[in-house]
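Single-structure report; data block below.
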Amino acid sequence: MSSVLIAYNNDYNTVLHDFLESCADEAKQICVVKGIAYSSVCPPDLSEQNVIGVMIDHQLCFLAAHGDTDGVYNENENAVVSTHTTNYNFNGKGLYSVACSCAQNLFPQLKALGLRFFVGYNDTFNVRGEREPFICSAMAGLKSFLSGDRAEVAKEKMLTAYDEQIAALDKTDPMAAVELVHNKESLVFDCENDTCLVDLE
């Protein structure tokens, strides 16, 4: 893997900006530990041009920002990657997203254009209480994948991380555990040449 693009919305006025930045920080740390080259982009430079436009030079895009069924958006609610942007640079590449609902419409379009690897959610991505269990669960697949695991193995490790964090939260914060269960059930993990699709709803 030649390089990873880490794109995230840490704008102070954005809800959960601290969580989104923490996910991006974790992605950077994984790359550093694994010796993988990466570049990063955040507000005020988080834009379609600075994400899709540079994907020609990257193999994987990690994207932590707010989204909906059609795409992922920056701090000004402008599309960064959506069903309305020109997405051909994702052909043969991967997208690992921590964003609400973009697996519904954005993912199928990207897959039709040749996207080889996708992690995202087909419903809202919820965060409640202590951040760490949500970060650990959301980032487990990326950590595994960038460690050299096959996508199927990365998927299983991600689901295991969700189960472990849910079990721990059940004892300390049951309402947060419910939100984490929701995220796990909304997870879509898809890889080329594999029925690696998780949709447990």
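Note that my numbering numbers the sequence shown so that position 58 is 60, with each residue one more than the last.
Cβ atoms here follow ideal geometry from the backbone N, Cα and C, with glycine treated the same way.
Over what stretch of residues does the beta strand (DSSP E) that includes residue i continue unbroken?
i, result
"Gly96", "96-100"
"Cys193", "189-193"
"Phe21", "Premise fails: Phe21 lies in the alpha helix (DSSP H), 19-36, not in any beta strand (DSSP E)."
"Val129", "First-last for Val129: undefined, no H or E at that position."
"Ser84", "81-84"
"Ala105", "Premise fails: Ala105 is in no beta strand (DSSP E) and is neither H nor E."
State the CB to CB distance for the pair residue i and residue j, rounded to an integer number of angstroms; the pair is presumed to be in contact (CB under 8 Å).
i, j, result
"Leu182", "Pro110", "The pair is not a contact, with the Cβ atoms about 26 Å apart (cut-off 8 Å)."
"Asn80", "Pro45", "About 11 Å; that fails the 8 Å criterion."
"Phe120", "Gly96", "7 Å"
"Val6", "His60", "6 Å"
"Ser84", "Leu108", "6 Å"
If we count the other Cβ atoms within 10 Å of its Cβ and call it buried at 16 or more, is residue i buried or exposed?
i, result
"Cys198", "Per-residue confidence for Cys198 stands at a pLDDT of 34, beneath the threshold of 50, marking its modelled position as unreliable; the derived number appears in the next sentence. Cys198 should be labelled buried."
"Gly37", "exposed"
"Asp20", "exposed"
"Met141", "buried"
"Ile58", "exposed"
"His86", "exposed"
"Gly69", "buried"
"Ala39", "exposed"
"Gln31", "exposed"
"Lys173", "exposed"
Hey, could you find the ends of the alpha helix (DSSP H) residue i is sitting in?
i, result
"Tyr164", "153-174"
"Leu108", "108-114"
"Val56", "Unbroken run through Val56: none, as it is neither H nor E."
Enumerate in chain order the residues of its own chain whose CB-to-CB distance from residue i is below 6 Å, with the five nearest sequence positions on each side excluded.
i, result
"Glu203", "Unreliable positioning characterises Glu203 in this predicted model, as indicated by a pLDDT of 22, which lies under 50. The coordinate reading is nonetheless provided below. Taken in chain order, the residues that qualify are Glu187."
"Val17", "none"
"His184", "Asn128"
Quick one: grab the DSSP three-state call for residue i.
i, result
"Gly150", "coil"
"Phe119", "strand"
"Ala178", "helix"
"Phe64", "strand"
"Ala39", "coil"
"Gly143", "helix"
"Thr197", "Because the pLDDT at Thr197 is just 33, under 50, the model does not fix this residue reliably, and the value given afterwards should be weighed accordingly. Looking at Thr197 - three-state DSSP - the assignment turns out to be coil, as it is neither helix nor strand."
"Tyr14", "coil"
For a cutoff of 9 Å on Cβ pairs, would you count residue i as touching chain D?
i, result
"Asn89", "Going by chain labels, chain D is absent from the structure shown, which holds only one protein chain."
Can you list, in chain order, the residues of its chain whose CB lies under 8 Å from that of residue i, leaving out five sequence neighbours each side?
i, result
"Leu204", "The requested residue 204 is not part of the displayed model; the chain covers only 3 to 203."
"Val82", "Ala9, Leu48, Ser49, Glu50, Val53, Ile54, Leu65, Ala67, Gly73, Val74, Tyr75, Asn76"
"Arg133", "Asp20, Phe21, Ser24"
Spatial neighbours of residue i within its chain, please: CB distance less than 7 Å, with the 5 preceding and 5 following residues excluded, ordered by chain position.
i, result
"Gly131", "Asp175, Ala178"
"Leu171", "Pro135, Ala178, Ala179, Leu182"
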